[in-house]
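Be aware that the sequence shown starts at 1175, since it is given in this note's numbering, and climbs by one per residue.
C-beta atoms are modelled at their ideal positions from N, C-alpha and C, and glycine is treated no differently.
Keep in mind it's a predicted model, so treat the numbers as computed, not measured.
The structure under discussion appears below in the form of structure tokens.
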Amino acid sequence: MKCDIEIAQQATMKPIAEIMEDFPITKEDWEPYGHYKAKLSDQLLEKLNDRKSGKIVLVTSINPTPAGEGKSTVTVGLGQAMNKLNKKTVIALREPSLGPSMGIKGGAAGGGYSQVLPMEDINLHFTGDIHAITAANNALSAFIDNHIFQGNALHIDPRKVGWKRVVDLNDRALREVIVGLGGPKKGVPREDGFMITVASEIMAILCLAKDMDDLKKRLSRIVFGYTYNDQPLTVKDLGMEGALTLLLKEAIKPNVVQTIEHTPAIIHGGPFANIAHGCNSVIATKLAAKLGDYVITEAGFGADLGAEKFLDIKTRAGEFEPDAVVLVATIRALKMHGGVAKEALETENLDALQAGMSNLQKHMETIEAYGLPYVIAINRFPTDTEAEIALIEKWCQQQGATVALTEVFAKGGEGGIQLAEEVVSTIETQEKHFKHMYDLQDSMEDKIAAIATNVYGAERVEYSAKAKEQMRQFAANGWDKLPICMAKTQYSLSDNPTLLGRPENFTITIREFSPSIGAGFIVALTGDVMTMPGLPKQPAALKMDVDENGNAVGLF
């Protein structure tokens, strides 16, 4: 089979104007961004406010492994399949980051015959939204250091500036840096560091803002540091919220593209799910619901990260509820959770597959705890044997779970018809009783305990001395009633990436907190999860190039 980029480059795209014709909007509601991309007006959601919203389907997965799960591919394929059933469907996805695209994880535009196009643009600079976020984040850093240099009227304690610079690449050398070196005219020396752009609070703010006014208010609430007397300092104290909003005035507009089969897809925002909240923008999801009868959207990594944050953070910010969940699993990944090494996955192993089902079981229980109906999608790989497929289908049936074998990578929308039919049937016949995992009035400890025990299956939660002191400070500042955004490894239900399957009797350790007051949540950092990833020994970028005709090569 051809590789993703070959399939994408040989596909025939429709001019973006033809895609937009299917939407109930006027030419004033969108603007072209080249031949095959468009930006929707930031006023459109308000204009469509009285229009009935479509059904929202959240696609999530088991804990990811190097074997691959194909969550974005299933999302795109399901959207295509829904339209084949004449269900007017819009896909809503996150924007890929250059860090994983050029590192090891790969892109986030789907795969095979279930991709969003133009794939090269989407996986690289796209419409520049992430670069705008980078500029806004680093503008704030520059103004903080300039304020200190110019007399420090706000009494900023340079030792307590928590705001870091960002770059949308994996660069471990920038995790810890010193700025302001070179003498009195070069600034005030202090410790600083870089995060990857998609971990920036400004990315989270853009994705949770309801409109431009809400964006500005959230930016003004960013806490960037503290005074010498430990009083929090905000962007409003610096008077920077207007300038930051100006830098983001185009980035807040959602982007529209198309799939290989011309299903419309809104791609907007891309916070990481292991260190941020992992969902595309509230504006994009709600617009998709106004423009279609069904919305197929996804949240990063497994249900313990992306889905939990979608359900506990995003739904609160956006004031909506999903109607059903698709839980993606692959036989390959389940065998890894059952103890099989990556190089042995092509060999049939029913015992390992049976053992790995425990990971799927936990995520099923999590979705049930939220009161949502769900369908299990088995994303088929060529190496899957009939015996393995039969085992997983029988197991799901024994659990009373709806399951659909899915082949959207190789067959596009046609390979997702069964899944689409099951999703529609599930929404029409099963009641949802959606509830959040915790109440906002709960203490920080109770919220974290609810996530750790009910979603991860942990036995207990422990806190470092620093974390305990931060909880006391946050309560004094009135921040303890915000949602919790857990920063945790994606590979395990625990905070130890080596514990696959369904670990038991483990402890979640909170080493410190980071206040994201503008975004509207508190980040709890567990284990050794980092906000600036590093590159592997053989980065994917080493295979990338441009041919004599200006076409991208080696991009997945």
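Tell me the rounded alpha-carbon separation between VAL1431 and GLN1535. Each residue's Cα considered, the two are about 35 Å apart.
Is MET1718 helix, strand or coil when you go by DSSP? In this structure, MET1718 counts as coil in the three-state DSSP scheme.
Spatially closest choice to SER1215 from ASN1260, ILE1179, ILE1190 and ILE1457, by CA coordinates: SER1215 has its Cα closest to that of ILE1457, out of ASN1260, ILE1179, ILE1190 and ILE1457.
Apart from the five residues just before and just after MET1414, which ones in its own chain have a Cβ nearer than 7 Å to its Cβ? So the list reads LEU1314 and PHE1317, once near-sequence residues are dropped.
Assign LEU1412 to one of two classes, buried (16 or more other C-beta atoms within 10 Å of its C-beta) or exposed (fewer than that). Under this definition LEU1412 is a buried residue.
Could you say which of ALA1373, GLY1590 and LEU1479 lies nearest to ASP1669 if we only look at CA atoms? Distance check between ASP1669 and each of ALA1373, GLY1590 and LEU1479 places LEU1479 closest, using alpha-carbon atoms only.
Whole-angstrom distance between ALA1309 and ALA1340, CA atom to CA atom: According to the sequence as given, residue 1340 is Val; it is not Ala. Looking at the two C-alpha atoms, the distance is approximately 9 Å.
Report the CB separation of ILE1470 from THR1249 in whole angstroms; it is logged as a contact under 8 Å. At roughly 5 Å, the Cβ-Cβ gap stays under 8 Å, so ILE1470 and THR1249 are in contact.
From LYS1516, ILE1190, LYS1464 and GLY1545, pick the residue whose C-alpha is nearest to that of LEU1485; which is it? Ranking LYS1516, ILE1190, LYS1464 and GLY1545 by Cα distance to LEU1485 puts GLY1545 first.
How would you write the range of the alpha helix (DSSP H) that GLU1567 sits in, first residue to last? Element bounds for GLU1567: 1560-1572.
Beta-carbon separation (whole angstroms), ALA1241 vs ALA1626, contact threshold 8 Å: Their Cβ separation, rounded to whole angstroms, is 26 Å, which puts ALA1241 and ALA1626 out of contact at 8 Å.
Neighbourhood of THR1459 by C-beta distance below 6 Å, restricted to the same chain and skipping five residues each side: The answer, listed in chain order, is ALA1266 and THR1471.
For ARG1490 and ALA1473, what's the separation of their Cα atoms in angstroms? Looking at the two C-alpha atoms, the distance is approximately 15 Å.
Any contact between the region 1383-1399 and the region 1417-1436? By contact I mean 3 or more CB pairs, one from each, below 8 Å. Counting C-beta pairs closer than 8 Å gives three or more between the region 1383-1399 and the region 1417-1436, which meets the contact rule.
From which residue to which residue does the alpha helix (DSSP H) around VAL1499 run? Per DSSP, VAL1499 belongs to no alpha helix (DSSP H); it is in the beta strand (DSSP E), 1498-1503.
In whole angstroms, give me the CA-to-CA distance for LYS1262 and MET1175. CA-CA distance, LYS1262 to MET1175, rounds to 30 Å.
What are the start and end residues of the alpha helix (DSSP H) that includes VAL1598? 1591-1603 is the span of the alpha helix (DSSP H), which, as asked, contains VAL1598.
Helix, strand or coil: how does DSSP classify LYS1261 here? Here LYS1261 sits in coil by DSSP.
Please determine whether the Cβ atom of ALA1463 lies at a distance below 6 Å from any heavy atom of the ligand ATP. Annotation note on the ligand ATP: not contained in the displayed structure, which lists no ligands.
Three-state secondary structure assigned by DSSP to GLU1539: Here GLU1539 sits in helix by DSSP.
Short of 7 Å in beta carbon distance, which residues of its chain neighbour TRP1337, apart from the five on each side in sequence? Order them along the chain. Once the five neighbours on either side are set aside, the close Cβ partners of TRP1337 are LEU1314, SER1315, ILE1318, PHE1398 and GLY1399.
If you count every other CB in all the chains shown that lies within 10 Å of the CB of ARG1268, and 16 or more means buried, which is it? Under this definition ARG1268 is a buried residue.
Does the beta-carbon distance from PHE1475 to GLN1664 come in below 7 Å? Cβ atoms of PHE1475 and GLN1664: closer than 7 Å.
Between the region 1491-1505 and the region 1221-1233, do three or more beta carbon pairs fall short of 8 Å? The region 1491-1505 makes contact with the region 1221-1233: 3 or more CB pairs, one atom from each, lie closer than 8 Å.
Between which two residues does the beta strand (DSSP E) carrying SER1227 extend? Per DSSP, SER1227 belongs to no beta strand (DSSP E) and is neither H nor E.
Using a 10 Å radius around the Cβ and a threshold of 16 neighbouring Cβ atoms, would you call PRO1445 buried or exposed? Its Cβ being crowded by 16 or more others within 10 Å, PRO1445 is buried.
Straight-line Cα distance separating PRO1713 from ASP1719: One C-alpha to the other measures close to 13 Å.
The alpha helix (DSSP H) enclosing PRO1274, as first and last residue numbers: Counting along the chain, PRO1274 sits inside the alpha helix (DSSP H) bounded by residues 1272-1276.
Should GLY1277 be labelled buried (16 or more other beta-carbon atoms within 10 Å of its own) or exposed? The C-beta of GLY1277 has 16 or more other C-beta atoms within 10 Å across all chains shown, which makes the residue buried.
Applying the criterion that 16 or more other CB atoms from any shown protein chain within 10 Å of the CB defines a buried residue, is ASP1342 buried or exposed? ASP1342 should be labelled buried.
Are the beta-carbon atoms of PRO1292 and TYR1210 separated by less than 7 Å? PRO1292 places its beta carbon less than 7 Å from that of TYR1210.
Rounded to whole angstroms, what is the Cα-Cα separation between GLY1253 and ILE1563? The straight-line gap from Cα to Cα measures roughly 24 Å.
Assuming GLY1302 and ASP1178 make a contact with CB atoms under 8 Å, what is their CB distance in whole Å? About 23 Å; that fails the 8 Å criterion.
Quick check: TYR1612 and LYS1621, are their CB atoms within less than 7 Å of each other? Cβ distance < 7 Å, so TYR1612 and LYS1621 count as in contact.
Which residue wins for smallest C-alpha separation from ALA1255, given the options TYR1468, ILE1307, THR1408 and SER1374? Here the closest residue by C-alpha is TYR1468.
Within 10 angstroms of its Cβ, does HIS1537 collect 16 or more other Cβ (buried), or is it exposed? Buried, by the Cβ-count rule.
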